[in-house]
Amino acid sequence: MRSALARAVAKATGQALGPYQSAVVRIGFAATWLFFLLREFPHRHELYGPDGPWSWQLAERLIASNRAFTVLMWSESTLWFETVYALSLLASVLLVLGWRTRAASVLFMIGVLSLQNRSVFMGDGGDNVIHLMAVYLVLTRCAQVWSLDARRARLRGSATAGAAGPVLWAVLGAGFAYGVLSGHLGALWLVLFGTLWTGTALWWLADRYEPGGERRATLDVLANLLHNAGMLVITAEVCLIYATAGWYKIQGSRWQDGTALYYPLSLDYFTPWPWLSELVASSGVVVMLLTYGTVLVQVAFPFTLFNRRVKNVLLAVMMLEHAGIAVLLGLPFFSLAMIAADAVFLPTGLLVWVGARVAAAWGRVPLRGAAPRPALSPFPGAAPRTPLLGAPPPDPRASNAGEAASGTGP
């Protein structure tokens with residue numbers, strides 16, 4: 001018992017588990033939010049800005065009561081709104097690329113919370129998932145693979161090399177100081193942002209002046225613990241979402257008699273393709289199977305984590321279900337958010353294989369005036385690597401160890 005506990009502690013403190021899973025979750029949620037912001041760019045003033053039905057006064061009264069965080073309430077000016085929207089777009093791009101990921105994840109969280117808390121009634125359910133995951137991603141070391149940070153660490157010996165990181169954190173620190181001095185930050189956010197800024201400063205100092213020392217090793221242990229706790233929270237959150245959705249559906253009479261899916265297919269709001277909705281709704285057997293199948297999958301999924309093969313099959317079914325929701329009900333961003341959340345359970349072998357195929361395809365794209373780059377290997381010490389996907393990934397055995405603990409294995 002003691003030896004098993006010692007091994008578990010050693011894993012939790014010695015490495016950041018699930019590097020591929022955290023990377024795909026990072027890319028998935030950042031890309032989903034980026035696509036949403038670009039899609040709604042022409043309507044941004046109506047959704048979150050000064051022209052929206054949820055006025056500044058209504059938002060101010062609600063935020064005064066629920067203490068939600070949003071920097072949009074720091075100023076009523078249109079220029080400030082445009083700045084926050086643009087920074088949210090920029091943070092999404094940086095997080096997808098994995099450039100200065102720690103700072104980018106904080107900026108991404110600020111953008112998501114600021115826009116969503118400004119107009120809390122603008123969303124389709126997927127925004128709630130993005131809201132939560134934006135906070136959880138700050139806890140993780142989600143740039144170990146498939147990121148520009150990983151490439152920098154390989155080429156220059158440290159992911160914190162260069163002046164861009166300190167400059168970004170100096171700007172964030174200035175914003176934090178303004179929020180404190182102006183009284184806009186509550187006690188909780190004051191502690192959160194203060195801890196993030198101080199911890200990052202200590203990390204930068206240790207990495208720069210004592211890269212192989214005891215202080216750096218201690219910070220590594222703390223960072224690994226925080227990452228692994230964050231990944232555990234993400235997996236638990238996804239299980240909770242499906243479990244609560246499934247058990248609440250069971251209590252509904254329309255889900256019990258197998259007709260629940262018929263009603264949204266009859267609403268104009270959920271019928272982007274009327275002919276397709278009519279085709280599905282016209283078959284009582286199809287409606288019944290989809291209705292009962294949805295409940296069965298959602299209730300069963302948390303229990304399938306004890307069997308990897310069954311979990312992988314059900315995971316594929318759920319992702320296909322969300323793809324069907326995107327097409328059939330016209331909820332693409334909700335579906336993308338849920339698929340990104342589901343990705344935390346994808347097997348490492350599949351992710352390594354996909355990464356190798358993408359890297360090989362990228363290597364065959366010729367640069368202007370240059371010969372095509374060589375094909376790439378997902379393992380260190382093999383072929384030369386692409387500038388974008390260039391960091392040698394951690395030992396897949398580390399990912400498998402994380403999967404054994406969290407149920408995300410192949």
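If you're matching positions, the sequence shown starts at 1 in the working numbering and goes up one per residue.
Heads up, the beta-carbon is just placed ideally off N, CA and C, and yes, glycines get one too.
Quick check: the Cα distance between residue i and residue j, rounded to an integer number of angstroms?
i	j	result
residue 335	residue 210	45 Å
residue 205	residue 175	21 Å
residue 431	residue 299	Lying before the first or after the last residue shown, residue 431 is absent from the chain, which here runs from 1 to 410.
residue 387	residue 312	For residue 387, the pLDDT reaches just 38, beneath the cut-off of 50, and the residue's location in the model is therefore unreliable, leaving the point undetermined.
residue 81	residue 49	7 Å
residue 192	residue 217	23 Å
residue 409	residue 346	Here the model assigns residue 409 a pLDDT of 42, short of 50, so the residue's position is not dependable, and the following value carries that caveat. Rounded to the nearest angstrom, the two C-alpha atoms are 7 Å apart.
residue 314	residue 343	12 Å
residue 61	residue 295	38 Å
residue 104	residue 94	6 Å
residue 382	residue 264	Low local confidence applies: a pLDDT of 35 at residue 382 is under 50, so the model's placement there is unreliable, and no value is given.
residue 239	residue 339	13 Å
residue 327	residue 272	8 Å
residue 8	residue 221	14 Å
residue 164	residue 100	8 Å
residue 413	residue 26	Any answer about residue 413 is impossible in this case: the structure gives the chain only from 1 up to 410.
residue 213	residue 71	39 Å
residue 109	residue 196	13 Å
residue 63	residue 171	25 Å
residue 304	residue 237	15 Å
residue 252	residue 293	15 Å
residue 154	residue 52	47 Å
residue 98	residue 34	14 Å
residue 309	residue 348	13 Å
residue 376	residue 151	The predicted position of residue 376 is uncertain, since its pLDDT is 42 and thus under 50; a value taken from the coordinates is nonetheless stated next. C-alpha separation (whole angstroms): 14 Å.
residue 2	residue 235	26 Å
residue 183	residue 58	20 Å
residue 330	residue 275	13 Å
residue 341	residue 306	19 Å
residue 380	residue 232	Confidence is the limiting factor: at residue 380 the pLDDT is only 37, short of 50, which leaves the residue's position unreliable and the question unanswerable from this model.
residue 364	residue 143	24 Å
residue 41	residue 32	14 Å
residue 285	residue 43	40 Å
residue 67	residue 117	10 Å
residue 201	residue 167	12 Å
residue 323	residue 107	29 Å
residue 351	residue 181	46 Å
residue 215	residue 353	36 Å
residue 28	residue 289	30 Å
residue 194	residue 279	55 Å
residue 270	residue 355	35 Å
Using 8 Å as the threshold, is the C-beta distance between residue i and residue j below it?
i	j	result
residue 156	residue 223	no
residue 129	residue 337	yes
residue 76	residue 56	yes
residue 30	residue 96	yes
residue 320	residue 287	no
residue 126	residue 333	yes
residue 138	residue 19	no
residue 219	residue 203	yes
residue 124	residue 158	no
Would you grab the beta carbon distance between residue i and residue j for me? Rounded to a whole angstrom, and I think it's under 8 Å.
i	j	result
residue 114	residue 84	6 Å
residue 111	residue 87	6 Å
residue 122	residue 5	Incorrect: roughly 47 Å between the Cβ atoms, too far for contact.
residue 266	residue 245	Rounded, the Cβ-Cβ distance is 21 Å, inconsistent with contact.
Compare the C-alpha of residue i against each of the options and name the closest.
i	options	result
residue 37	272, 51, 92	92
residue 199	353, 151, 169, 135	169
residue 325	86, 187, 277	277
residue 135	5, 173, 186, 227	227
residue 74	26, 137, 22, 179	179
residue 161	363, 171, 96, 148	148
residue 249	233, 291, 231	291
residue 39	17, 52, 89, 26	89
residue 247	42, 122, 301	301
residue 188	69, 202, 112, 121	69
residue 230	5, 190, 17, 3	17
Just to confirm, does residue i get its C-beta within under 7 Å of one of the non-hydrogen atoms of the ligand COA?
i	result
residue 243	Because no ligand of any kind appears in the structure shown, any question about the ligand COA cannot be addressed here.
The segment 255 to 273 / the segment 352 to 365 touching (three or more Cβ pairs under 8 Å): no
Cβ contact (3+ pairs, closer than 8 Å) linking the segment 5 to 14 and the segment 121 to 136: no
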